[in-house]
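Undergrad: Chains as they are written, first to last, in full-length UniProt numbering: chain A, 1 to 205; chain B, 1 to 205; chain C, 1 to 205; chain D, 1 to 205.
All C-beta atoms, glycine included, are put in the ideal place defined by N, C-alpha and C.
Quick caveat: nothing in here was measured; it's all calculated off a predicted structure.
Can you read through this structure? Questions will come right after.
Protein chains: 4
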Amino acid sequence: MPAPQHLRNEDNKPDRIIKAALEVFAEHGLHGTPVPPIARKAGVGVGTLYRYFENKEALVNAVFRDTKQRLKDHLTDGVDLNEPSRALFNELWDRLTGFARQNPAAFRFLEMQDHHAYLDNDSRQIERSLLVPIGMMILQGQQNGLLNPQLRADIAIALFWGGFVGIFKAEAQGYLTIGDADLLTARDACWQAIRHHPKSEGITQ
Amino acid sequence: MPAPQHLRNEDNKPDRIIKAALEVFAEHGLHGTPVPPIARKAGVGVGTLYRYFENKEALVNAVFRDTKQRLKDHLTDGVDLNEPSRALFNELWDRLTGFARQNPAAFRFLEMQDHHAYLDNDSRQIERSLLVPIGMMILQGQQNGLLNPQLRADIAIALFWGGFVGIFKAEAQGYLTIGDADLLTARDACWQAIRHHPKSEGITQ
Amino acid sequence: MPAPQHLRNEDNKPDRIIKAALEVFAEHGLHGTPVPPIARKAGVGVGTLYRYFENKEALVNAVFRDTKQRLKDHLTDGVDLNEPSRALFNELWDRLTGFARQNPAAFRFLEMQDHHAYLDNDSRQIERSLLVPIGMMILQGQQNGLLNPQLRADIAIALFWGGFVGIFKAEAQGYLTIGDADLLTARDACWQAIRHHPKSEGITQ
Amino acid sequence: MPAPQHLRNEDNKPDRIIKAALEVFAEHGLHGTPVPPIARKAGVGVGTLYRYFENKEALVNAVFRDTKQRLKDHLTDGVDLNEPSRALFNELWDRLTGFARQNPAAFRFLEMQDHHAYLDNDSRQIERSLLVPIGMMILQGQQNGLLNPQLRADIAIALFWGGFVGIFKAEAQGYLTIGDADLLTARDACWQAIRHHPKSEGITQ
DNA sequence: AATGAATGAGTATTCATTCAT
DNA sequence: TATGAATGAATACTCATTCAT
Chain A
1 MPAPQHLRNE
11 DNKPDRIIKA
21 ALEVFAEHGL
31 HGTPVPPIAR
41 KAGVGVGTLY
51 RYFENKEALV
61 NAVFRDTKQR
71 LKDHLTDGVD
81 LNEPSRALFN
91 ELWDRLTGFA
101 RQNPAAFRFL
111 EMQDHHAYLD
121 NDSRQIERSL
131 LVPIGMMILQ
141 GQQNGLLNPQ
151 LRADIAIALF
161 WGGFVGIFKA
171 EAQGYLTIGD
181 ADLLTARDAC
191 WQAIRHHPKS
201 EGITQ
Chain B
1 MPAPQHLRNE
11 DNKPDRIIKA
21 ALEVFAEHGL
31 HGTPVPPIAR
41 KAGVGVGTLY
51 RYFENKEALV
61 NAVFRDTKQR
71 LKDHLTDGVD
81 LNEPSRALFN
91 ELWDRLTGFA
101 RQNPAAFRFL
111 EMQDHHAYLD
121 NDSRQIERSL
131 LVPIGMMILQ
141 GQQNGLLNPQ
151 LRADIAIALF
161 WGGFVGIFKA
171 EAQGYLTIGD
181 ADLLTARDAC
191 WQAIRHHPKS
201 EGITQ
Chain C
1 MPAPQHLRNE
11 DNKPDRIIKA
21 ALEVFAEHGL
31 HGTPVPPIAR
41 KAGVGVGTLY
51 RYFENKEALV
61 NAVFRDTKQR
71 LKDHLTDGVD
81 LNEPSRALFN
91 ELWDRLTGFA
101 RQNPAAFRFL
111 EMQDHHAYLD
121 NDSRQIERSL
131 LVPIGMMILQ
141 GQQNGLLNPQ
151 LRADIAIALF
161 WGGFVGIFKA
171 EAQGYLTIGD
181 ADLLTARDAC
191 WQAIRHHPKS
201 EGITQ
Chain D
1 MPAPQHLRNE
11 DNKPDRIIKA
21 ALEVFAEHGL
31 HGTPVPPIAR
41 KAGVGVGTLY
51 RYFENKEALV
61 NAVFRDTKQR
71 LKDHLTDGVD
81 LNEPSRALFN
91 ELWDRLTGFA
101 RQNPAAFRFL
111 EMQDHHAYLD
121 NDSRQIERSL
131 LVPIGMMILQ
141 GQQNGLLNPQ
151 LRADIAIALF
161 WGGFVGIFKA
171 EAQGYLTIGD
181 ADLLTARDAC
191 WQAIRHHPKS
201 EGITQ
């Protein structure tokens, strides 16, 4: 069980292992990564890794939970999701891009498909604990006329999240490079996707 | 080298192998799939598979190219990308959802991360050959005032494609179920993301 | 599934593996034997061994069943257990010693304790199929006054079998050497243990 | 080096380790038992165990010697082996069954095959120190006409000991259950095996 | 002296690839 | 040309032993 983020420290072996595993997984994929390189990168023996994680699957789950939790904290610490507004949307977008820029490996890892087969219930629970409050926020935004009331909240999340992931993935794969200005433009585009377009706007144009 | 799509036939062994491989890869992932099950599903011996594909990596590339090409054909056959319009956008969206619905395995496979490490230059070339014409279309749409001129074409693609992928991935992972009406709403949302919002609209609100 | 004994041949890989495994197990024990040496001794690759035996445990069971079956055949082929007599006892003893002399590895292997943890139901069934007819023979011998009626058949078997095993084990461990004459004397001693000692004999003296 | 039996005490760490090791070995076998569980059961750290026993092999030898010595003591303390008689035989049998009943783990352990590969000269010496006096006793019994003079003493021991082991092993493996009366019958049977059968008795019948 | 976390060589098993038929 | 049995290098995991505290 890794220490909470703010207690992270380099002497904590499980934390070091999780950190190393995240980087190696992000680079070579889950199945593509043997255990020894993870241990080596963490500066411990293989046996030590297995002292802290029952098996590879448990390690993947630990990495997933830790990373998802860090994303959640980064995204929501100190913000009031109960007051949806354009400013709040911008704030979340900034935090999201900040996270992706500062933790490229974490971001890449979270987007892998193949870890989904590995995830246990706790891990899925964590995943939901991030999505649910955002869904709530969207519902409120719809009720106060800010967001498109016809777009189901879960689909809005998927759309917005997918779009965000799309541009960072394209960048990671070398298809494009994104400057800060581009990020702002993309942010506005995403906003247009989910906001309420009253009357004549919308389907027509 | 598989025959072109319209020449596909069940007596063609490479084609049968590619088809089988796509299904197995989509279900179990790239690293999770041993070669013998692919051969078995294709109704050939392992040795035969290796007659047509130098190794597993070559097979992955063949599957990728074939699938991407089919997507491209499905998306662009008979449409004139030189005349961007709301109707063309709708048409493309419909074709895209049609493809995803009719070829879930193909869609799933194309979205896997881990095959990217396997892809050779030819495969990346095919990928680009789908993106470039769409990029051109977007540029034209920006010039004729239809699309947001501030949103870079490549980013627009990534955003739109990412959003699309996002909702289908969420559905595949069991986080939501999408009806036909939802697809239309999502289509409109994506359109709002990339269209041109003149004057007062857009950043403000 | 190995071929029946008389169909054994050196081109049959499972048979060669079973034979090799028996020898190595007998020499180094079950846990003490890695899989590669077995494969090497059988003249096959490790992968081949795993083609024929799902895992090490399955191999142990196969060796056990094969060896026990050979012992059973060697012991009972062509003898009529329904006619217990001193001559039949002698015949069985001779066959038993013959087996132990000709197949020291087989004998050693069958007496290992630690394989009992590995045995599945089929294997235990084979074991019983050897003991039951001998038990029946003893019962008949008791009924016709030949054998001690107070000695339970199962205990008589255990005693006789244990005594037999005892001397061969002692020899295998280097505590003694047994000549043919000694074997005859031992045979008579065992006979005395289980035969019927009428009247004054027996408890007294 | 453990304290002599009568000095055994629970504060003596080597003794506690030997006791724990015996139980775990008897239950899981030699190779099947990792060292840490032994240390845990003994209530000491692994490092401590290695302070007293150079390695696992040394521990096995210590357990063997200790157990064999206890058997020897249990069997011979206070009896005069120089006066062979039916009563002495009965006494020895009773002590033997008593030991097996009271120390099932010890008995099971002594009968394991795979420890023989581990045993050093001292351990084999102890084994002999139990067998030799019994052998002497048998020789005397043969000289005074009590025991079968044709049965070599070492073979008689092996036979008798093997028979005894046979029935307890069969019980341990679940093939039979032995009551006190059965033990007496078995005792008489063993006695018949080794006693002197004068004249017409014996070979004939 | 006592501890148990740390280590890495060793073990069972899988799977991409070859090659005799 | 087609096959699939055979191979062994590579992988996940264990455990006897060490050594810093």
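Under 8 angstroms, with one C-beta from each stretch per pair, do the stretch 80 to 100 of chain B and the stretch 185 to 193 of chain B reach the 3-pair mark?
TA: Enough Cβ pairs lie closer than 8 angstroms, so yes.
Undergrad: Check whether the Cβ atoms of Leu110/D and Thr67/D sit closer than 8 angstroms, and answer yes or no.
TA: One-based indexing of the fourth sequence puts residue 110/D at position 110. One-based indexing of the fourth sequence puts residue 67/D at position 67. Cβ atoms of Leu110/D and Thr67/D: closer than 8 angstroms.
Undergrad: At the level of alpha carbons, what is the spacing between His28/C and Asp114/D?
TA: On the third sequence, residue 28/C is found 28 positions in, with the first residue counted as 1. On the fourth sequence, residue 114/D is found 114 positions in, with the first residue counted as 1. Approximately 8 angstroms between the Cα atoms of the pair.
Undergrad: Give the secondary structure of Arg152/C by DSSP, where H, G and I count as helix, E and B as strand, and everything else as coil.
TA: In the third sequence, counting from the first residue as 1, residue 152/C sits at position 152. Coil at Arg152/C, not helix or strand.
Undergrad: Any C-beta of chain C sitting closer than 8 angstroms to the C-beta of Ala20/D?
TA: Within the fourth sequence, numbered from 1, the residue matching residue 20/D stands at position 20. So no, Ala20/D is outside the interface.
Undergrad: Going by DSSP in three states, Leu119/D sits in which element: helix, strand or coil?
TA: Here residue 119/D is taken as the residue at index 119 of the fourth sequence, counted from 1. If DSSP states are grouped into helix, strand and coil, Leu119/D belongs with coil.
Undergrad: Taking only three categories from DSSP, how would you classify Leu81/C?
TA: Within the third sequence, numbered from 1, the residue matching residue 81/C stands at position 81. It is coil, neither helix nor strand.
Undergrad: Any idea what DSSP makes of Leu146/D, helix, strand or coil?
TA: Along the fourth sequence, read from residue 1 onward, the residue named residue 146/D stands at position 146. Of the three classes helix, strand and coil, the one that applies to Leu146/D here is coil, per DSSP.
Undergrad: If you drop the 5 nearest sequence neighbours on each side, which residues of the same chain put their C-beta closer than 8 angstroms to that of Arg108/D?
TA: One-based indexing of the fourth sequence puts residue 108/D at position 108. Excluding residues within five positions, the ones whose Cβ falls inside 8 angstroms are Ala26 and Ala172.
Undergrad: Quick check: what's the CA-CA separation for Trp13/D versus Met112/A?
TA: For this step, residue 13/D is matched to residue 13 along the fourth sequence. For this step, residue 112/A is matched to residue 112 along the first sequence. It is Lys, not Trp, that sits at residue 13/D in the sequence shown. Cα-Cα distance, rounded: 53 angstroms.
Undergrad: Would you say Val165/A reaches chain B, if we count a Cβ-Cβ gap shorter than 8 angstroms as a contact?
TA: What you label residue 165/A is simply residue 165 of the first sequence in a count that begins at 1. True, the Cβ-Cβ gap to chain B drops below 8 angstroms.
Undergrad: Using a C-beta cutoff of 8 angstroms, does Asn90/D count as contacting chain C?
TA: Stepping through the fourth sequence from its first residue, residue 90/D is reached at position 90. Cβ-Cβ to chain C under 8 angstroms: no for Asn90/D.
Undergrad: Ordered along the chain, which non-local residues of its own chain (more than five positions away) have a Cβ less than 8 angstroms from that of Ala170/C?
TA: Along the third sequence, read from residue 1 onward, the residue named residue 170/C stands at position 170. Closer than 8 angstroms at Cβ, skipping near neighbours: Leu176.
Undergrad: In the DSSP assignment, what residue or residues form a beta bridge with Arg195/C?
TA: As a first step, residue 195/C must be located in the third sequence, where it is residue number 195. DSSP output for Arg195/C lists Leu147/C as bridge partner(s).
Undergrad: State the DSSP-derived secondary structure class of Val46/A, mapped to helix, strand or coil.
TA: Against the first sequence, residue 46/A aligns to sequence position 46. It is helical.
Undergrad: Using 8 angstroms for Cβ pairs, my map puts Arg152/C next to Asp182/D. What's the rounded Cβ distance?
TA: Start at 1 with the first residue of the third sequence, and residue 152/C comes out as number 152. Start at 1 with the first residue of the fourth sequence, and residue 182/D comes out as number 182. Between Asp182/D and Arg152/C the Cβ distance is about 6 angstroms, and since that is below 8 angstroms, they are a contact.
Undergrad: Since Asn12/C is in the alpha helix (DSSP H), which residue starts that stretch and which ends it?
TA: Position 12 of the third sequence holds residue 12/C. First-last for Asn12/C: undefined, no H or E at that position.
Undergrad: Buried or exposed: where does Pro149/A fall if 16 or more other Cβ atoms within 10 Å of its Cβ makes it buried?
TA: Stepping through the first sequence from its first residue, residue 149/A is reached at position 149. That one is exposed.
Undergrad: How long is the line joining the alpha carbons of Ala193/C and Ala62/D, rounded to whole angstroms?
TA: The residue given as residue 193/C occupies position 193 in the third sequence. The residue given as residue 62/D occupies position 62 in the fourth sequence. If you take the alpha carbons of Ala193/C and Ala62/D, they lie about 36 angstroms apart.
Undergrad: Nearest chain D C-beta to Leu110/C closer than 8 angstroms, yes or no?
TA: By 1-based counting over the third sequence, the position of residue 110/C is 110. Judged by the 8 angstroms Cβ criterion, Leu110/C is not in contact with chain D.
Undergrad: Going straight from the alpha carbon of Asn103/B to that of Gly43/B, what length do you get?
TA: Here the question's residue 103/B lines up with position 103 in the second sequence. Here the question's residue 43/B lines up with position 43 in the second sequence. Distance between the alpha carbons of Asn103/B and Gly43/B: 21 angstroms.
Undergrad: Which residues of the stretch 179 to 196 of chain C have a Cβ closer than 7 angstroms to any Cβ of chain D? Give them in chain order.
TA: For the stretch 179 to 196 of chain C, which is checked against every Cβ of chain D, the residues closer than 7 angstroms are Asp182, Thr185, Ala186, Asp188, Ala189, Cys190, Gln192, Ala193, Ile194 and Arg195.
Undergrad: For Pro14/C, verify whether its CB is less than 7 angstroms away from any heavy atom of the ligand GDP.
TA: This structure simply doesn't include the ligand GDP, nor any ligand for that matter.
Undergrad: How about Asp66/B: is its C-beta nearer than 8 angstroms to some C-beta of chain A?
TA: Against the second sequence, residue 66/B aligns to sequence position 66. No, because no Cβ of chain A sits closer than 8 angstroms to the Cβ of Asp66/B.
Undergrad: Taking DSSP as the reference, what is the three-state secondary structure of Glu23/B?
TA: Position 23 of the second sequence, counting from 1, holds the residue named residue 23/B. Correct three-state label for Glu23/B: helix.
Undergrad: May I ask which residues mark the beginning and end of the alpha helix (DSSP H) holding Phe89/B?
TA: By one-based count along the second sequence, residue 89/B stands at place 89. Looking at the DSSP string, the run of the alpha helix (DSSP H) that includes Phe89/B is Arg86 to Gln102.
Undergrad: Keeping to the same chain, check which residues put their C-beta closer than 8 angstroms to that of Pro133/C; ignore five residues upstream and five downstream.
TA: Your numbering for residue 133/C matches position 133 in the third sequence. Only Thr76 and Leu81 meet the Cβ criterion.
Undergrad: Within the 8 angstroms Cβ cut-off, does Gln113/D reach chain C?
TA: Here residue 113/D is taken as the residue at index 113 of the fourth sequence, counted from 1. Yes, contact with chain C.
Undergrad: If you compare alpha carbons, which of Leu88/B, Tyr50/B, Lys19/B and Gln142/B is closest to Ala105/B?
TA: Mapped onto the second sequence, residue 105/B falls at position 105. Ala105/B has its Cα closest to that of Lys19/B, out of Leu88/B, Tyr50/B, Lys19/B and Gln142/B.
Undergrad: Quick one: residues in its chain with C-beta nearer than 7 angstroms to the C-beta of Gly145/D, no 5 flanking neighbours on either side, listed in chain order?
TA: On the fourth sequence, position 145 is the one that residue 145/D refers to. Around Gly145/D: His196.
Undergrad: In chain C, which residues lie with their C-beta within 9 angstroms of the C-beta of Ala148/D?
TA: On the fourth sequence, position 148 is the one that residue 148/D refers to. The amino acid occupying residue 148/D in the given sequence is Asn; Ala does not appear at that position. Correct list: Thr185, Asp188, Ala189 and Gln192.
Undergrad: How many angstroms separate the CA atom of Phe168/B from the CA atom of Ile178/B?
TA: By 1-based counting over the second sequence, the position of residue 168/B is 168. By 1-based counting over the second sequence, the position of residue 178/B is 178. If I take the Cα positions, the gap works out to 8 angstroms.
Undergrad: Among the residues of its own chain, which have a CB less than 7 angstroms from the CB of Ala23/A, if the five just before and after it don't count?
TA: Counting from 1 along the first sequence, the entry for residue 23/A is found at position 23. Reading the sequence as shown, one finds Glu at residue 23/A and not Ala. Contacts found: Lys41 and Ala105.
Undergrad: I'd like the span of the alpha helix (DSSP H) that includes Asn61/B, first residue to last.
TA: As a working mapping, residue 61/B is identified with position 61 in the second sequence. Unbroken alpha helix (DSSP H) run through Asn61/B: Lys56 to Thr76.
Undergrad: What is the rounded straight-line gap between the Cα of Tyr50/A and the Cα of Arg65/A?
TA: Counting from 1 along the first sequence, the entry for residue 50/A is found at position 50. Counting from 1 along the first sequence, the entry for residue 65/A is found at position 65. Between Tyr50/A and Arg65/A, the C-alpha separation is close to 18 angstroms.
Undergrad: If we count the other Cβ atoms within 10 Å of its Cβ and call it buried at 16 or more, is Gln143/A buried or exposed?
TA: By 1-based counting over the first sequence, the position of residue 143/A is 143. Classification of Gln143/A: exposed, given that the 10 Å Cβ count is below 16.
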